[in-house]
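If you're matching them up, the sequences are chains A and B in order.
The opening position of the first sequence corresponds to residue 1 in the working numbering, with each subsequent residue numbered one higher.
The opening position of the second sequence corresponds to residue 1001 in the working numbering, with each subsequent residue numbered one higher.
The next block holds one structure in the form of structure tokens; read it before the comments.
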Amino acid sequence: MKKIIGMTLMLTLSTASEARERFAGIYLDSSIPASQIRIIKDDLAYLYSNPIKDVDSEFQSMAELTKVDGPHLYNWVYNRVKYIIGEEYKLRGRNAVTKKGHTFPATPLPPSLLKRTNRYERISIMSNAGAELYLTGKLANVLRGLKLDNKSVFAPSPRVGIIQVGEGHFLERLLINKELQSEANKIKRLSTIFHEARHGDGHSEHVGFIHSKCPPGHNLSGFDACEAYSNGAYSIDAVATKTLLLNCKTCSIEDKTKLSATIADAYSRVVVRSHLKTEAQLLEEMATYQRVIDFYIGFIAANPKGAEASIKELERLQKQMKECEAQLKELKTPVHPKKMDAKPEGSFEEVSVEKSSSLMKSSLLRK
Amino acid sequence: MKRITVLFLFILGIALVSWNFWKRDPQNVSQDLSQSNTSMRPISNDSEKVKTHEVSIADTKIPSSDKQNQFNHFIKSLPIIDDLQNLSPEEVHHTPEIIKDGGELIGRIHAEADSDATKRVDAMSFFKKCAEDEQIVTAIRAVCLNKIYKLVPVWKIPTPLSDSRISKDVLKLSHKIP
């Protein structure tokens, strides 16, 4: 009888511990539904096992890879994704932990972080919660973290590697085709992982490679959905998708075209100019302003008394004119997106390709 | 008595094991079936998504083949820049659904014309209209332009483009697509 009780208890405990699990070294929290966990595991296994033959020419240098193959790609992801939590996991309240007295690197924060207005309250697809914890912690000078894997996981670097995944990551209407486990959908989901993982990199003013406001004239003007770097999250997203697409064996013409649209969209977010007006548009604007300026100059000269309002308007128009001149000068100066040093600030651990491959192989054997 | 205790504990154990196993199973991954279709028609039947903007190519004399082009009416289903401005910050953080839908529509036209050579002229005409339409989202125009560059030598259908209608951004993007 004692044996039966003991066995029952052990069985219960072992099943409870499997609610949280590790796959290829990555902790998968119990807040992730079982069906989503299966998909995540399959996606990562696909990435690792992919016999990459065709590679996008920019990928290797952009991701600082010594080689572009499945194990190296998985290693890149693993060094940036250590914990995956579900949409229902609350980042505040009982799950949040803080520690005072931590010394953050004495580097400036990105200006756009300080001006940020659109903080997402709800996760729909995926976000890098670890980078967010690091950035908000540094801003408040408090080390932030979460209770995960039966311990407090603090974010002393944006590379802490906590990714939150939402239902949108698995929704058919947001994917490429109706087959959840198709190669095209794996590619789409993996590109999102690459994108979010990149937010764990960078230091100083480009820490987290956070997005900047899209300039006037851009399709997404006004949104924090652009970047000025040649190796930021959108760029990595684009080249990762390209490389995986080039090696896709089962992608149909529709799949390829849809993925191409996502690649084009990602690349379109890489913008270095403060505006996207054409020379013709600027010259037209300047001509319009000049005509009105000329009128006000004449009017003020002819009516000097009580011309305060007109003088003010003239000053405003002259300021607009100067702005157009600066934009025209910028247009005539060739600029290219800069490649930033992706090394993250703060303390973090990196593992070798051998180590991450060994973790993956053990998990694949157990699967 | 002992037997009842053992049986009770056994049932309790099974119940706990089952509860742990099933509690994490999701209800379902919600499936929006509004787009499930295999026939050639606009991606969404939702009238809100049917565009009423005028195509920027203003032809005073429309060739009869243009009127009969079986794909041209799908131009209205492609996303325009105003559509993006109406989205939320969450929706634009990753590629918006409307851009993916646009890609899917272009892909379907390509696939249909690929399997039926009689549709290729109309398909190329569609891609041209798409690439030259300044109201359409830049990424989608780039995909259309990319299709033209890829398919002209394969389908052998000359498709002259209007330089003035294709910006450097669209041109540059089209070359980045595989």
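We put the CB at the ideal spot given by N, CA and C, even for glycine.
As the structure is a computational prediction, the values presented were derived from the model and not from experiment.
- With DSSP run on the structure shown, which of helix, strand or coil describes residue 281 of chain A? helix
- Test item: CB-CB of residue 192 of chain A and residue 1100 of chain B under 8 Å: no
- Message: Between A:299, A:163, A:281, A:240, which has its C-alpha nearest residue 89 of chain A's C-alpha?
- Response: A:163
- Thinking C-alpha only, which one of A:354, A:153, A:35 is nearest residue 180 of chain A? A:35
- Cutoff 7 Å; reference residue 1064 of chain B; Cβ partners in own chain excluding five residues on either side: Residue placement at residue 1064 of chain B cannot be trusted, given a pLDDT of 39 that sits under 50; the coordinates are not used to answer.
- In chain A, which residues lie less than 7 Å from residue 1138 of chain B when you measure between Cβ atoms? 219, 268
- Query: With a cut-off of 8 Å, do at least 3 Cβ pairs link the stretch 320-331 of chain A to the stretch 131-141 of chain A?
  - Reply: no
- Message: In whole angstroms, give me the CA-to-CA distance for residue 259 of chain A and residue 1167 of chain B.
- Response: 22 Å
- Evaluate residue 187 of chain A with the Cβ neighbour count: other Cβ atoms within 10 Å of its Cβ, from every protein chain shown; 16 or more gives buried, anything less gives exposed. buried
- Task: Could you work out which residues of chain B lie near residue 373 of chain A, taking near to mean beta carbons separated by less than 8 Å?
- Result: Nothing about residue 373 of chain A can be read from this structure; chain A reaches only from 1 to 367.
- Message: For a test of the three-state rule: what should DSSP assign to residue 310 of chain A, helix, strand or coil?
- Response: helix
- Run down chain A in chain order and give the residues with a C-beta less than 8 Å from the C-beta of residue 1114 of chain B. 253
- Message: Less than 8 Å between the C-beta atoms of residue 48 of chain A and residue 71 of chain A, yes or no?
- Response: yes
- Check whether the Cβ atoms of residue 56 of chain A and residue 242 of chain A sit closer than 8 Å, and answer yes or no. yes
- Cβ-based contacts, 9 Å cut-off: residues of the stretch 1076-1090 of chain B near chain A: 1081, 1084, 1085, 1087, 1088, 1089, 1090
- Query: Could you give the distance in angstroms between the alpha-carbon of residue 145 of chain A and the alpha-carbon of residue 196 of chain A?
  - Reply: 18 Å
- Thinking C-alpha only, which one of A:287, A:52, A:25 is nearest residue 247 of chain A? A:52
- Look up residue 83 of chain A in the DSSP assignment and give the residues it is bridged to. A:27, A:162
- Query: Residues of chain A with CB under 9 Å from residue 1132 of chain B, in chain order?
  - Reply: Correct list: empty, because the minimum Cβ distance to chain A is about 16 Å.
- Message: Taking 8 Å as the threshold (beta carbon to beta carbon), is residue 223 of chain A in contact with chain B?
- Response: yes
- Nearest-angstrom Cα separation, counted from residue 27 of chain A out to residue 355 of chain A: 16 Å
- Query: Counting pairs of beta carbons, one from the stretch 218-233 of chain A and one from the stretch 137-156 of chain A, are three or more of them closer than 8 Å?
  - Reply: no
- Taking only beta-carbon atoms, is residue 1121 of chain B less than 8 Å away from chain A? no
- Under 7 Å by beta carbon: chain A residues contacting residue 1106 of chain B: 257
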